[in-house]
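Protein chains: 2
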Amino acid sequence: MEKEKGLLIVLSGPAGVGKGTVCGALRKEQTNIQYSVSATTRQPRKGEVDGVNYFFKEKEEFEEMIKNQELLEWAEYVGNYYGTPIDYVRQTLDQGDDIILEIEVQGASKVRDRFPEGIFIFLMPPSLVELRNRIVGRGTETEDVIDKRMTVAKEEIEMMKRYDYVVENDEVALAVERIKAIVTAEHCKRERLFEKYKQLVEVQ
Amino acid sequence: MEKEKGLLIVLSGPAGVGKGTVCGALRKEQTNIQYSVSATTRQPRKGEVDGVNYFFKEKEEFEEMIKNQELLEWAEYVGNYYGTPIDYVRQTLDQGDDIILEIEVQGASKVRDRFPEGIFIFLMPPSLVELRNRIVGRGTETEDVIDKRMTVAKEEIEMMKRYDYVVENDEVALAVERIKAIVTAEHCKRERLFEKYKQLVEVQ
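Which chain is which? The protein sequence lines are A and B, in order.
If you're matching positions, the first sequence starts at 1 in full-length UniProt numbering and goes up one per residue.
If you're matching positions, the second sequence starts at 1 in full-length UniProt numbering and goes up one per residue.
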């Protein structure tokens, strides 16, 4: 029987939503999820280990990786490159392990193009959570603050479109529980299991 | 804002798979899931309360319910009728509560026709679990036993087709955790949340 592939899980959302915090909390939990290691051209900070925190690359090496399409997605921030090496992701999935990528929305969109079978989770920003709270009568914001939130919220809602799941980040522990539940549920999806079990009886 | 409807969750699987045991264990957990109350023409047993354990009906009343399509599904066992009153299910969903139905595969198929938006969970029988275990080299069954299991397994795999999820009943506590995860994940589905949040910004 062919080994079942792992799931590619992409955790994204607008800047400042708390992706890093939620992903960090998830890492502390007992799960079988692996974490993607990014490549970067920035200098290692004290204690950072190559291949653990990042794959540290020279600028030329990184540009070679871009050219050879060895990156699932990449971006430039303050003069340094950051990206997700595709090989590491592929190897992990082929081993049958799930892997999570915590990336910006633009990066997530690129990953969706190449891995449409991935599980895309949109971490819902507090602006939307608060907006909802206010509407159900629990908020205390002024009209002015709400109006600004509303503009941002409209953009954020548009971003949601290409995701499979929306996880509210009202509390980090709750967000982590929801992500874990999504991964468990995805492993129980009939379309994922049906062919595997069908093979099982046909092969015999 | 319109109140979000609850989820209709259907837990089914072949006879003897342990639906009742798993559902009973789920009931003991802290969840917000409501449980469907069946209608029946059989006599109440000692301690059984009308509207709690069952809705107890006269034969004529039950046949009237069948005629008026007031049952989501029904069947006759050893001279008594058993069925799922549609009103109770509808009311629960309209209140925004999730409701679980633990029913036979034929009944589940009828429910799927009327509530295609339901979440259909197939509880995987031990025969398939053991079959898989044997193939990965952990089983201890004789060839003869395996052959019989294989025939049954083929039928069971065919049944799976119309379900959204397959939950392995290797251990009751694990099956319960998987069902809870599926319910949590379904509440995070983007298609369920997107329109709600879109309305939120448009209505303002």
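All residues carry an ideal CB built from backbone N, CA and C; glycine is no exception.
Interface annotation, glutamate 177 (chain A): in contact with chain B, CB-CB separation under 9 angstroms.
In the DSSP annotation of this structure, the continuous segment of the alpha helix (DSSP H) that includes serine 109 (chain A) starts and ends at 105–114.
Between alanine 39 (chain B) and tyrosine 82 (chain B), the C-beta spacing is below 9 angstroms.
Put simply, of B:Val183, B:Ile157, B:Val37, B:Tyr197 the residue whose alpha carbon is nearest the alpha carbon of glutamate 158 (chain A) is B:Tyr197. In this chain, glutamate 177 (chain B) is not harboured by any beta strand (DSSP E); it is covered by the alpha helix (DSSP H) spanning 172–187. In this chain, the alpha helix (DSSP H) harbouring valine 89 (chain B) covers 86–94. For leucine 7 (chain A), no alpha helix (DSSP H) encloses it, and the DSSP letter there is neither H nor E.
By the Cβ test, the region 55–64 of chain B is not in contact with the region 116–125 of chain B, since fewer than three Cβ pairs between them sit closer than 8 angstroms. Inclusion of isoleucine 86 (chain B) and glycine 6 (chain B) in the CB contact set at 9 angstroms is not warranted, their separation being larger than that value.
Only exposed fits asparagine 68 (chain B), as fewer than 16 other CB atoms lie within 10 angstroms of its CB. Taking CB atoms only, leucine 200 (chain A) has a neighbour in chain B less than 9 angstroms away. A residue is called buried once 16 or more other Cβ atoms fall within 10 Å of its Cβ, and asparagine 169 (chain A) is buried on that count. Put simply, of B:Lys148, B:Met150, B:Val183, B:Ala108 the residue whose alpha carbon is nearest the alpha carbon of glycine 13 (chain B) is B:Ala108.
The beta carbon of glutamate 4 (chain A) lies closer than 7 angstroms to those of Gly96, Lys196 in the same chain, with the five residues before and after it left out.
When C-alpha distances from glutamate 171 (chain B) are compared across B:Cys23, B:Ala15, B:Lys46, the shortest belongs to B:Cys23.
For a Cβ distance threshold of 9 angstroms, nothing in chain B lies close to valine 22 (chain A): the least Cβ distance comes to about 13 angstroms.
In this structure, the beta-carbon distance from tyrosine 165 (chain A) to cysteine 188 (chain B) falls below 9 angstroms. For isoleucine 119 (chain B), the uninterrupted beta strand (DSSP E) segment begins and ends at 119–124.
At a C-beta separation below 8 angstroms, isoleucine 9 (chain B) has no neighbours in chain A, since its nearest C-beta there lies roughly 12 angstroms away.
Taking 9 angstroms as the threshold, the shortest C-beta distance from isoleucine 121 (chain B) to chain A falls below it. Residue burial annotation: glycine 118 (chain B) is buried, with at least 16 other C-beta atoms found within 10 angstroms of its C-beta. Distance from the Cα of asparagine 32 (chain B) is smallest, within the candidate group B:Asp50, B:Ile9, B:Glu191, for B:Ile9. For leucine 72 (chain A), the nearest beta carbon of chain B is not closer than 9 angstroms to its own beta carbon.
Leaving aside the five residues that flank threonine 21 (chain A) on each side, the residues in its chain whose CB is nearer than 8 angstroms to its CB run, in chain order, Val172.
Proximity of threonine 31 (chain B) to chain A, defined by a Cβ-Cβ separation below 9 angstroms, is not satisfied. Just so you know, the alpha carbons of glutamine 199 (chain B) and arginine 162 (chain A) end up roughly 18 angstroms apart. Against chain A, the beta carbon of leucine 193 (chain B) has neighbours under 7 angstroms at Val166, listed in chain order. The criterion of a C-beta distance shorter than 9 angstroms is satisfied by isoleucine 179 (chain B) and leucine 26 (chain B).
Restricting attention to A:Gly16, A:Asn80, A:Gln30, the CA atom closest to the CA of glutamate 177 (chain A) is found in A:Gln30.
DSSP, reduced to helix, strand and coil, places valine 166 (chain B) within a strand of the structure shown. Cβ proximity to chain B below 8 angstroms picks out nothing from the region 89–100 of chain A.
Cβ atoms of methionine 65 (chain B) and leucine 72 (chain B) stay farther apart than 8 angstroms, at about 11 angstroms. For the 9 angstroms CB-CB criterion, lysine 19 (chain A) and glutamate 102 (chain A) form a contact. Close to alanine 173 (chain B), with beta-carbon spacing below 7 angstroms, lies no residue of chain A; the smallest spacing is near 13 angstroms. Its chain contains Ser12, Met159 as the residues whose beta carbon lies nearer than 6 angstroms to that of valine 105 (chain B), once the 5 sequence neighbours on both sides are disregarded; these appear in chain order. Listed by position along chain B, the residues whose Cβ is nearer than 8 angstroms to that of threonine 184 (chain A) are Glu177, Arg178, Ala181, Ile182, Ala185.
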